[in-house]
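Structure first, then comments.
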Amino acid sequence: MSKIEETFKGGDALIIVDVQKDFCPGGALPIEEGDKVVPVLNRWIGEAIKLSIPIYASRDWHPAGHNSFKESGGPWPPHCIQDSDGARFHPDLKLPDSVIKVTKGVRFDKDQNSVFDETGLAEELRRRDIKRLVVGGLAEDVCVLATVLDGREEGFDVIVISDAIQPVTPDGGEKAREKMKGMGVRFMQTD
Ligand SMILES: [Zn+2]
C-alpha cells in the first residue's frame, strides 16, 4: 500500500489550490518551481480517484483590471484573467472529469485568497460529511495559507502535502508553515 493510500480515509477531500499556468514558470505571476507540485499532486489525484475521495480544484479567476492588480492599486501584476490562457489549470495536472472547480477572485470590491472566502465551500463539504482536508497547491504563503487557516476555523482537520506546495518567497513560506502548524495543521511528505 502506498503512503498516499494509507493516508486517505473516508471523510477526506483533496483540495488543490490554484495550480494555474500564471502561477507557474512562464506565467504572469510565476512562483519559483511552482510547476514542481504538478507531478506530486497527480499521484494524490490518482489515489483519490481510486478511493472515491472527492477532489476540489480552485482557480483564481479575476475580471480584467481587478482590484488586486497593480494598475488598480493592488499588490500583484495582472494574472489569472477570466478565460485567458494563463488562468487555465496547468496542462499537466491530471484533473478528472469529476473534479469540482471552485472559482474565486471574481469580486470587484476585494480579493479572495482563501478558497473558503464567500464560496460556500465549507457548507458544501459539511453536506458531504467531509471531516478532513488534504491540501496542496499555490502559493504556500498566500492562497494555501489563507485556505488552510479558514479550513481549520471551519472545524476541518487539515493535512498539507509539504512537497505539493511552493511559496512566493522562502521566508514567506517558512512563516506560513509556522502559522499553519500553530493552528494544528499536519504536514506530510509524499515519499
Ligand atoms: Zn489573484
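With our numbering applied, the sequence shown covers 13 to 203. Note that CB positions come from ideal geometry on N, CA and C, so glycine has one too. Since this is a predicted model, take the numbers as computed values, not measurements.
Query raised in the report: By a C-beta neighbour count over all protein chains shown, 10 Å radius and 16 as the cutoff for buried, is Ser84 buried or exposed?
Result: Stepping through the sequence shown from its first residue, residue 84 is reached at position 72. With fewer than 16 other Cβ atoms inside 10 Å of its own Cβ, Ser84 counts as exposed.
**Report entry** Cβ-Cβ distance between Cys92 and Val127 below 9 Å
**Finding:** Taking the sequence shown and counting its residues from 1, one reaches residue 92 at position 80. Taking the sequence shown and counting its residues from 1, one reaches residue 127 at position 115. In this structure, the beta-carbon distance from Cys92 to Val127 does not fall below 9 Å.
Requested in this report: Tell me whether the beta-carbon of Asp7 lies closer than 9 Å to the beta-carbon of Lys33.
Outcome: The displayed coordinates of the chain run from 13 to 203. Any statement about residue 7 would go beyond what the structure contains.
Query raised in the report: Starting from Thr19 and walking both ways along the alpha helix (DSSP H), at which residues does that stretch end?
Result: Numbered from 1 along the sequence shown, position 7 holds the residue referred to as residue 19. Residues Lys15 to Thr19.
Report task. Kindly indicate the opening and closing residues of the alpha helix (DSSP H) around Lys193. Result -> Numbered from its first residue, the sequence shown carries residue 193 at position 181. Under the DSSP assignment, Lys193 falls in the alpha helix (DSSP H) whose first and last residues are Pro182 to Gly194.
Query raised in the report: Who does Phe199 pair with in a DSSP beta bridge?
Result: If you number the sequence shown from 1, residue 199 lands on position 187. DSSP, once it has assigned bridges, lists Val172 as partnering Phe199.
Query raised in the report: For ligand 1, is there a heavy atom less than 8 Å away from the beta-carbon of Val117?
Result: As a position in the sequence shown, residue 117 is number 105, starting the count at 1. Checking the displayed sequence, the identity of residue 117 turns out to be Gly instead of Val. Remark: the C-beta of Gly117 is in contact range of ligand 1, defined as less than 8 Å to any heavy atom.
Query raised in the report: What residue range is occupied by the uninterrupted beta strand (DSSP E) comprising Ile67?
Result: As a working mapping, residue 67 is identified with position 55 in the sequence shown. That run of the beta strand (DSSP E) goes Ile67 to Asp72.
Query raised in the report: Shortest alpha-carbon distance to Gly86 belongs to which of Ile112, Lys122 and Lys106?
Result: Against the sequence shown, residue 86 aligns to sequence position 74. Closest by alpha carbon: Lys122.
Query raised in the report: By a C-beta neighbour count over all protein chains shown, 10 Å radius and 16 as the cutoff for buried, is Asp24 buried or exposed?
Result: By one-based count along the sequence shown, residue 24 stands at place 12. Asp24 is classed as buried because its beta carbon has at least 16 other beta carbons within 10 Å across all chains shown.
Query raised in the report: Quick one: is the Cβ of His240 within less than 8 Å of any heavy atom of ligand 1?
Result: Given a span of 13 to 203 for the chain in the structure shown, any question on residue 240 remains unanswerable.
Query raised in the report: What number of angstroms, rounded off, separates the C-alpha of Asp203 from the C-alpha of Lys15?
Result: Position 191 of the sequence shown holds residue 203. Position 3 of the sequence shown holds residue 15. In this model, Asp203 and Lys15 are separated by some 7 Å (Cα to Cα).
Query - Proximity test, Ser84 beta-carbon vs ligand 1 heavy atom, cut-off 8 Å - result: Within the sequence shown, residue 84 is the residue found at index 72, counting from 1. No; taking the cut-off as 8 Å, the Cβ of Ser84 has no heavy atom of ligand 1 nearer than that.
Query raised in the report: Going by C-alpha distance, which of Ala151, Phe20 and Asp169 is nearest Glu59?
Result: Numbered from 1 along the sequence shown, position 47 holds the residue referred to as residue 59. Residue Phe20 is the option with its Cα nearest to Glu59.
Report task. Identify whether Ile43 lies in helix, strand or coil by the three-state DSSP scheme. Result -> One-based indexing of the sequence shown puts residue 43 at position 31. Shown here, Ile43 sits in coil according to DSSP, grouped into three states, outside any helix or strand.
Query raised in the report: Residue range of the beta strand (DSSP E) that Leu161 falls in?
Result: The residue given as residue 161 occupies position 149 in the sequence shown. Element bounds for Leu161: not the beta strand (DSSP E) but the alpha helix (DSSP H), Leu157 to Glu165.
Query raised in the report: From which residue to which residue does the alpha helix (DSSP H) around Leu105 run?
Result: The count along the sequence shown starts at 1 and reaches residue 105 at position 93. If you look at Leu105, you'll find it isn't in any alpha helix (DSSP H); DSSP assigns it neither H nor E.
Report task. Would you kindly check if the distance between the Cβ of Gly184 and the Cβ of Phe177 is under 9 Å? Result -> Within the sequence shown, residue 177 is the residue found at index 165, counting from 1. Within the sequence shown, residue 184 is the residue found at index 172, counting from 1. Looking at the sequence shown, residue 177 is not Phe but Ile. The answer is no: Cβ separation not under 9 Å.
Query raised in the report: Cβ atoms of Phe120 and Asn79: under 9 Å apart, would you say?
Result: In the sequence shown, residue 79 corresponds to position 67, counting from 1. In the sequence shown, residue 120 corresponds to position 108, counting from 1. With respect to the 9 Å criterion, Asn79 and Phe120 are classified as neighbours on the basis of their beta carbons.
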